[in-house]
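These protein sequence lines map, in sequence, to chains A and B.
Throughout the first sequence, residue numbering follows this note's numbering, covering 1062 to 1515 in sequence.
Throughout the second sequence, residue numbering follows this note's numbering, covering 18 to 523 in sequence.
Report on one structure; see the data block that follows.
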Amino acid sequence: MHHFMKLFIKKCIFGQKLHTFCSPTMKTLLTAVILLCSTLASAQLNFTAIDTTASATCKLGLEEEYKAKFKVFNKGVAAATSAQKSILKDIYSGAQESFLERIQNNDFICDNELNPYLQGLMAEILTQNGINVKEYRMLLSREADVNAYNTGDGTIVVHYGLLNSVDTEDELVFVICHEVGHQYLEHRKKWVESIAQVSTSEEVIKKTREIKKQKYGRGTQATQFLKGIMYQKYSMRRQEEIEADSIGLVFYKKTLRNQMAPVTMLEKLDKSDKEKDTLTVADYRFIFEKNGVKLKDRYFEEDETLFNQYDKTPQRIDVDSLKTHPDCTTRIALLKGYLNNQFNGSPKTSSAFEKLKVNCAYQNLLNLYNAEEYGFALYEALKLYKHEPENPFLKNIIYITLVKLKDSRVSYTINRYVPSHDKLTNSASENRFISFINNIKLSDLDIIVNTFKS
Amino acid sequence: MKLKFLFILSFFVVTLQAQIADLSKLSKGRMYSSDIIKDSKNNIKGYFLLFESDKVGKETYELQYVVLDENLTKVTDGYITEMKFESWLVDAQGVDVAVSLHKNKLLLRFADDFQGQLAFHRYRTLDIKNNKISDPFVFINDSLKINPVFDRKMSNMQNNQSDPITYFDGVGLVVQSYKTVKKKIVKRSFVHYDDNMKRVWEYEYYDKAKVDKTYSTIDYVASDDEVIVMFDHMVKKNGDYINDVSALFLNSDNGKLRSKFAFPEQDKYSYRIVDCKLGEDKIYIMGNYAEDQKSGLVNDHDGLGIYTFIFDKATGKLSEKKFITWESMSASLPINKNGLVKKEGYMFVHNMLYQPNGKVIVVGETFENAPITTNNMYFFELSADFKLEQTFEVSKFRNKFPQTSAYSREIKNYGLFDFIDYQDLGDGEYLFLLNDNEKKSKNRKKSTLYGIVHYSDGKFERQTLNLKTENSSIHAMNAKKGYLMLYENFDERNKSSELRLEKVNY
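Encoded structure:
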């Protein structure tokens, strides 16, 4: 057996921290980032980046707040048996540790305008529905994933990527309503308790004993039994999503906002796999062929794969049964049914939302850069830059990400920041970008970096 | 690449199985073995992994296989049932798998693994057009048996083990058949089967009943859809090799012997084939030669140089032969007439790569047999008329394995040379990968350097990847064309290991 193949069971983890070092390039970069964050407000863009120093300061307060919150929460954990209680504590402490780690990692944004704005949107929902505002807390994470979640202790977390993807304030409000719905119905608490119950149930204990006694086929029987439990649990989660949509809509209606927004939000979710814009070879040539750089065709080439068919679903697993969410089409149909296809309410917006939308595409790029997602930051920046080739912010973000990626090529760490080709899930444009950034000669990359530096 | 749209994920992730530890333990499998899927140009195209998933009967297991492409994206997975020898005395530790590729099919060789010793060979194919795996098959006593019944009895070994089956490039499935005709009468042949498992041709090369004093042992060298090249080494009745070697050229479509070439002056020289290139209308057999041995095997200490024999592809007739002695290279490196490089050891030839312009790139590494020691690497560029044009030395750490002794071919088989592999980038461009432990290092595990030699347009360039870090250890492996695979294991307990595909800068 080839020794290295044993390693394949471990999957590559991207986004690890860079080893800290401070080379002249690094100093130049730091200067560039500082410039980027402070001076672009005065440029034609009218873009003000979120003050990251404020986030760093407020993390201390957040840490204290959540440590105290978890202490109180843990005291209140109750279960029918001590075994169940032990499992509950185990799950909660793991989740809490990871949450505190995220605070430590500066994952949450503290911004004097954004945080009160989002807290205000949530307060609007809670107040209109007679829910105690003090029991809820809104946090904004700098992650670029289009996501939001509740932690079960009244905290609703919205990813910055969500702000970038919504088109209206009403859509954002509906997402918050949905999360408040989960919290209101105590879904997370119920889920964790159900895990503890099933783990200690007579049925599971008996079945485990039975399987252990078998001479042959123990693995298959154990897998089948586990699969049955998992399917049941995931079915419960899908049901909870529908419940959260339903009660979320009730909350939302009270805000008197545009009732079409929940539908458009889910439609957006349904189409989220399709890239809105792409980068062609002509785009790369338009962007980079300056100062004598001539991009070779082979920079964009990728070796032909041997395989024609990728089996998306693993054998013996019913992927639909493991979905945490129902299909969007089902959810949309249900929402429309709840509303009898009557979409009342009027669109609402605010100056804060309009300002947010002006900033968020750029801020999202900065967030990606700060999260060391250099490949993704560059790819997204290039898609914007091809339409705005004079945009100073985009030029700068392209420069600083190119420097990082060039350094990582030299140190053989680029795969931390740019994923491998993936013929199953990546678009042709994404794979083309991966080919380009890996194949371009370092000497050509040097010239390009200098062009963007200037 | 894209950031996932995880909208409205409402919970922390709770792993259900983790809470049901016993059940989970019972349902988990373990890895048995794996193999690289390479194309005919030596480039990695994918990976095949084999896991045990359950014991379903006496000496019978359910195995899960997983196929990954060159980017480690999963192509398919599935389950098969295979036997594994178990007795009160000895158990096979696992099932070993070896994979070869022909067009759209993978040939999978399974064998019970007794601490590296393989037995009970059997085969399947996997069609990569539709990812369907075939039933098992074996070739026993001139008969191809699909879905054979095994009993795993040592007393019935011959009915539990297939004759060797392999894919010949450009040809397809070929069996090296050992056929017992009558008691103590064995016939040996190569039998070609088509994709539908129908017998196409047979090349019979040994009939024990007719043998007087010596007989042929034949090994596959290379093939395409026109010709199959074999190396025939004669053996005495008692099994000892003798100095009688030849190259055989067979028609790929009917298995008929096109011609036979006896290596020249075998009373003076022994020959080893290193590489064979099949061109449009020529065949190039390349290797090293040594002073005559009775066995016809090349003695590590008696090397004389390297050779290329060029044949007309259509007829198999020799058109040209070229030799270059080690001694003639002494102007560019301190090498004696037997290939001994001063203070380093004897020259082992890993590869000889024929270029479109007629040049040959020779990849060598110096070594000692006892204790096993590997030293510097040498890359030679030979002109079309087989003159040394340049020598490119790659100095590296001297690896010594105390109290060991082995012939060069065993050192190669054990993987003790530092040369890892080469990648054919096309248009006469190559990457050669090697590893090199850093000198005077206290912790060699963390200070392994990896060398890359790039050859293009007549220029060799070496770069050393300094992957040394203070808080991790890194292993480099060959990967898809133009890439290295790096496995980085961090000292920090909670930090996940990384498996990275990194583009080689050249």
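From the three backbone atoms N, C-alpha and C, an ideal C-beta is built for every residue, glycine too.
request  = Under 8 Å Cβ to Cβ from P388/B, same chain only, skipping five residues before and after it: list those, please.
outcome  = Sequence index remark: in the second sequence, residue 388/B carries index 371 (1-based). Around P388/B: K417, F418, P419, Q420, T421, S422.
task = Enumerate in chain order the residues of its own chain whose CB-to-CB distance from F403/B is below 8 Å, with the five nearest sequence positions on each side excluded.
result = By 1-based counting over the second sequence, the position of residue 403/B is 386. If you ignore the 5 residues before and after F403/B, its C-beta comes within less than 8 Å of the C-beta of T325, K339, F340, I341, V377, all in its own chain and listed in chain order.
message = Here's the rule I'm using: 16 or more other beta-carbon atoms within 10 Å means buried, otherwise exposed. How should G111/B be labelled?
response = On the second sequence, residue 111/B is found 94 positions in, with the first residue counted as 1. Taking all protein chains shown into account, G111/B has 16 or more neighbouring C-beta atoms within 10 Å of its C-beta and is therefore buried.
inquiry  = I need the straight-line Cα distance from N1428/A to A1205/A, nearest angstrom please.
reply    = On the first sequence, residue 1428/A is found 367 positions in, with the first residue counted as 1. On the first sequence, residue 1205/A is found 144 positions in, with the first residue counted as 1. The alpha-carbon atoms of N1428/A and A1205/A are separated by roughly 7 Å.
query = So which residues on chain A does S70/B lean against when the C-beta distance must stay under 7 Å?
reply = Against the second sequence, residue 70/B aligns to sequence position 53. From the beta-carbon of S70/B, the residues of chain A found nearer than 7 Å are G1280.
request  = For L503/B, return the contacting residues in chain A, with the cut-off set at a CB-CB distance below 9 Å.
outcome  = For the purposes of this step, residue 503/B is taken as the residue at position 486 of the second sequence. What L503/B touches in chain A: Y1473, T1474, N1476.
query = Under 7 Å Cβ-Cβ, which residues of chain B neighbour S1481/A?
reply = Taking the first sequence and counting its residues from 1, the one referred to as residue 1481/A is at position 420. Counting only Cβ-Cβ distances below 7 Å, S1481/A has contacts in chain B at N88, L89, L518, in chain order.
inquiry  = Please tell me whether V73/B has its Cβ less than 8 Å away from any Cβ of chain A.
reply    = As a first step, residue 73/B must be located in the second sequence, where it is residue number 56. Yes, its Cβ sits closer than 8 Å to a Cβ of chain A.
query = Tell me which same chain residues have a C-beta within less than 7 Å of the C-beta of P351/B, skipping the five on either side of it?
reply = One-based indexing of the second sequence puts residue 351/B at position 334. Exclusion of the five residues before and after P351/B leaves V358, K359 as the residues of its chain whose Cβ lies within less than 7 Å of its Cβ.
message = Rounding to the nearest angstrom, what Cα-Cα distance links E427/B and T390/B in this structure?
response = If you number the second sequence from 1, residue 427/B lands on position 410. If you number the second sequence from 1, residue 390/B lands on position 373. Taking the straight line joining both Cα atoms gives about 13 Å.
query = Does the beta-carbon distance from V1138/A to Y1153/A come in below 8 Å?
reply = Here the question's residue 1138/A lines up with position 77 in the first sequence. Here the question's residue 1153/A lines up with position 92 in the first sequence. It is a contact, given that the beta carbons lie within the stated cut-off.
inquiry  = Quick test of your reading: F396/B and F409/B, contact by CB under 8 Å. State the CB separation rounded to the nearest angstrom.
reply    = Your numbering for residue 396/B matches position 379 in the second sequence. Your numbering for residue 409/B matches position 392 in the second sequence. About 4 Å separates the two Cβ atoms, so the contact holds.
task = Indicate the three-state DSSP secondary structure (helix, strand or coil) for M214/B in the structure shown.
result = For the purposes of this step, residue 214/B is taken as the residue at position 197 of the second sequence. Coil, per DSSP.
key: Residues of the segment 1354-1378 of chain A with Cβ closer than 8 Å to any Cβ of chain B, in chain order   = Near chain B, meaning a CB-to-CB distance below 8 Å, the residues of the segment 1354-1378 of chain A are D1364, T1366, L1367, F1368, N1369, Q1370, Y1371, D1372, P1375, Q1376, R1377.
task = Determine, using beta carbons only, whether G320/B and G375/B come nearer to each other than 8 Å.
result = The count along the second sequence starts at 1 and reaches residue 320/B at position 303. The count along the second sequence starts at 1 and reaches residue 375/B at position 358. Here G320/B is not near G375/B, since their CB atoms are 8 Å or more apart.
ask   = For R1163/A and chain B, any beta-carbon pair shorter than 8 Å?
value = Within the first sequence, the letter at position 102 stands for residue 1163/A. No, its Cβ sits nowhere closer than 8 Å to a Cβ of chain B.
query = Can you list, in chain order, the residues of the segment 329-348 of chain B whose Cβ is nearer than 8 Å to any Cβ on chain A?
reply = Within the segment 329-348 of chain B, no residue qualifies.
task = Check whether the Cβ of L1187/A lies closer than 8 Å to any Cβ atom in chain B.
result = Within the first sequence, residue 1187/A is the residue found at index 126, counting from 1. The beta carbon of L1187/A sits no closer than 8 Å to any beta carbon of chain B.
message = For Y1210/A and T1216/A, what's the separation of their Cα atoms in angstroms?
response = Position 149 of the first sequence, counted from the start, is the residue given in the question as residue 1210/A. Position 155 of the first sequence, counted from the start, is the residue given in the question as residue 1216/A. Computed Cα separation, rounded: 8 Å.
message = Using beta carbons (cut-off 8 Å, strictly below), is Y1292/A in contact with chain B?
response = Here residue 1292/A is taken as the residue at index 231 of the first sequence, counted from 1. Proximity of Y1292/A to chain B, defined by a Cβ-Cβ separation below 8 Å, is not satisfied.
ask   = Cβ of E509/B less than 8 Å from any chain A Cβ?
value = Working through the second sequence from its first residue, we reach residue 509/B at position 492. By this cut-off, E509/B is not an interface position.
query = Which residue from S1262/A, T1284/A, F1169/A puts its Cα closest to that of I1272/A?
reply = Numbered from 1 along the first sequence, position 211 holds the residue referred to as residue 1272/A. Ranking S1262/A, T1284/A, F1169/A by Cα distance to I1272/A puts T1284/A first.
ask   = Roughly how many whole angstroms lie between the Cα atoms of V1419/A and F1108/A?
value = The residue given as residue 1419/A occupies position 358 in the first sequence. The residue given as residue 1108/A occupies position 47 in the first sequence. Taking the straight line from one Cα to the other gives about 7 Å.
task = Please classify C1421/A: does DSSP put it in a helix, a strand, or coil?
result = To locate residue 1421/A, count along the first sequence from 1; it is residue 360. Helix, per DSSP.
query = So is L484/B in contact with chain A if we call contact Cβ pairs under 8 Å?
reply = Counted from its first residue, the second sequence places residue 484/B at position 467. It does; some Cβ of chain A falls within 8 Å.
query = Under a Cβ-count criterion, where at least 16 other Cβ atoms within 10 Å of its own Cβ denotes burial, should T1114/A be classed as buried or exposed?
reply = To locate residue 1114/A, count along the first sequence from 1; it is residue 53. Counting Cβ neighbours within 10 Å, T1114/A comes out exposed, since fewer than 16 surround it.
task = Using a threshold of 8 Å, state whether the C-beta atoms of S57/B and D186/B are closer than that.
result = As a working mapping, residue 57/B is identified with position 40 in the second sequence. As a working mapping, residue 186/B is identified with position 169 in the second sequence. Closer than 8 Å, so yes.
ask   = Can you find at least 3 beta carbon pairs, one from the segment 501-514 of chain B and one from the segment 486-493 of chain B, that sit closer than 8 Å?
value = The segment 501-514 of chain B makes contact with the segment 486-493 of chain B; the number of CB pairs closer than 8 Å reaches 3 or more.
ask   = Going by beta carbon distance, what residues of the same chain come within less than 6 Å of G381/B, once the five residues before and after it are set aside?
value = Walking along the second sequence from the start, residue 381/B turns up at place 364. The residues are M364, V366, Y395.
task = Might you give, ordered along the chain, the residues of its own chain that have their beta carbon closer than 8 Å to the beta carbon of K196/B, omitting 5 neighbours on each side?
result = As a first step, residue 196/B must be located in the second sequence, where it is residue number 179. Closer than 8 Å at Cβ, skipping near neighbours: N158, D159, V203, K204, R205, S206.
inquiry  = In whole angstroms, give me the CA-to-CA distance for R1299/A and M494/B.
reply    = Sequence index remark: in the first sequence, residue 1299/A carries index 238 (1-based). Sequence index remark: in the second sequence, residue 494/B carries index 477 (1-based). Pairing R1299/A with M494/B, the inter-Cα distance amounts to about 43 Å.
request  = Check whether the Cβ of T93/B lies closer than 8 Å to any Cβ atom in chain A.
outcome  = Translated into the one-based positions of the second sequence, residue 93/B becomes position 76. With 8 Å as the cut-off, T93/B counts as an interface residue toward chain A.
request  = Output yes or no for whether 8 Å exceeds the beta carbon distance between S269/B and V246/B.
outcome  = In the second sequence, counting from the first residue as 1, residue 269/B sits at position 252. In the second sequence, counting from the first residue as 1, residue 246/B sits at position 229. No, the Cβ-Cβ distance between S269/B and V246/B is not below 8 Å.
ask   = Would a check of beta-carbon distances place L1506/A closer than 8 Å to chain B?
value = Translated into the one-based positions of the first sequence, residue 1506/A becomes position 445. So no, L1506/A is outside the interface.
message = What does the alpha-carbon distance come out to for the pair G445/B and G296/B?
response = Reading the second sequence from its first residue, position 428 is the one you call residue 445/B. Reading the second sequence from its first residue, position 279 is the one you call residue 296/B. Cα-Cα distance, rounded: 14 Å.
ask   = Along the chain, which unbroken stretches of the beta strand (DSSP E) at least 3 residues long are found entirely within the segment 1321-1367 of chain A?
value = Counting whole runs of 3 or more residues, the segment 1321-1367 of chain A contains no beta strand (DSSP E) stretch at all.
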